[in-house]
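To start, the structure itself, in C-alpha cells.
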Amino acid sequence: MNKDRETEILKTVDDSIRMEMKTFSDYLQKKGLKITNQRMLVAERIFSLHNHFTAESLLEEFKDQRDKISKATIYRILSIMVEAKLLQEHNFGQDYKYYEHIIGHTHHDHIICGDCGKIVEFIDERIEQLQEQAAANNGFKITGHSLNIYGSCLDPNCPNKK
C-alpha cells in the first residue's frame with residue numbers, strides 16, 4: 001500500500017482510533033511488513049471494539065468479506081498486533097484465546113463467569129498495592145501481571161445456570 005492510500009485510510013477512521021491505527025502502520029513499516037488494505041481494515045475493526053473478542057468472533061465481523069479476509073489472515077494480524085503490544089492475549093480457561101486492544105487503556109483485572117463466559121473488568125488499588133508489596137517482600141519488581149478471577153455470575157438470567 002502506498003503512503004497516499006495509508007493517509008487516505010487514516011483520514012476515514014474515527015478520531016478515537018486514528019492514533020492506534022497510526023501506531024499499527026508505523027509498527028508494520030518498522031518491521032518491513034506491508035501495510036495492506038486487509039490489515040488496516042481488520043485493525044480498524046479491532047480498535048473500534050470495546051470488549052473482549054476471539055479470532056472467531058472477529059472473523060464473524062467480516063462474514064460478508066470472507067473472500068478477502070480469511071481465518072489465516074485474521075490469525076496473522078492478531079499475532080502481529082500482540083507482538084506490537086497493541087493487543088493483549090488472554091487465556092480465560094477456554095479452548096480459545098480472547099483479545100483486547102490496550103493502547104491508551106489503563107491496566108485492569110478480570111472476573112470471568114465459568115457458566116456463561118461473561119467478562120467483567122475491574123480496578124482495585126488495594127489489590128495493586130498488595131501485589132507490589134508481595135513482590136517487594138520476595139525481592140521482585142513487577143514488570144507486568146494478569147489477575148483473572150473465575151466464578152459464577154449471580155445474574156438470574158445467566159443462560160447456562162443449572
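For the sequence shown, UniProt numbering gives the first residue as 1, with consecutive numbering after it. The beta-carbon is built from N, C-alpha and C at its ideal position, and this holds for glycine as well.
Residues that residue i bridges to, as DSSP identifies them
{"i": "Val42", "result": "Answer is none; Val42 lacks a bridge partner."}
{"i": "Ile119", "result": "Ile112"}
{"i": "Ile149", "result": "Ile111"}
{"i": "His101", "result": "Leu87"}
Inter-residue Cα distance where the pair is residue i and residue j
{"i": "Lys68", "j": "Leu58", "result": "14 Å"}
{"i": "Ser146", "j": "Asn91", "result": "10 Å"}
{"i": "Ala84", "j": "Ser25", "result": "10 Å"}
{"i": "Ser79", "j": "Thr23", "result": "15 Å"}
{"i": "Lys34", "j": "Gly117", "result": "36 Å"}
{"i": "Ala72", "j": "Ser48", "result": "21 Å"}
{"i": "Glu132", "j": "Ile102", "result": "21 Å"}
{"i": "Pro159", "j": "His50", "result": "23 Å"}
{"i": "Phe140", "j": "Glu125", "result": "19 Å"}
Same chain only: Cβ atoms within 6 Å of residue i, ignoring 5 sequence neighbours per side
{"i": "residue 204", "result": "This structure cannot speak to residue 204, because the chain is shown only from 1 to 162."}
{"i": "His52", "result": "Tyr98, Glu100, Ile119"}
Limits of the unbroken beta strand (DSSP E) element including residue i
{"i": "Leu87", "result": "87–90"}
{"i": "Ile77", "result": "Not the beta strand (DSSP E): Ile77 falls in the alpha helix (DSSP H), residues 71–83."}
{"i": "Asn137", "result": "Careful: Asn137 lies outside any beta strand (DSSP E), inside the alpha helix (DSSP H) at 125–137."}
{"i": "Lys109", "result": "Strictly speaking, residue 109 in this sequence is Asp, with Lys absent from that position. 109–113 is the span of the beta strand (DSSP E), which, as asked, contains Asp109."}
Unbroken alpha helix (DSSP H) run spanning residue i, endpoints
{"i": "Tyr96", "result": "Neither: Tyr96 is in no alpha helix (DSSP H) and is coded neither H nor E."}
{"i": "Asp26", "result": "15–30"}
{"i": "Leu58", "result": "55–61"}
C-beta atoms of residue i and residue j nearer than 8 Å
{"i": "Ile123", "j": "His105", "result": "no"}
{"i": "Ile46", "j": "Met81", "result": "yes"}
{"i": "Ala43", "j": "Met19", "result": "no"}
Chain-order list of residues whose beta-carbon lies under 7 Å from that of residue i (same chain, five-residue window excluded)
{"i": "Ser152", "result": "Cys113, Gly114, Asp115"}
Beta-carbon proximity list for residue i, same chain, < 8 Å, skipping 5 on both sides
{"i": "Ile127", "result": "Asp109, Leu147"}
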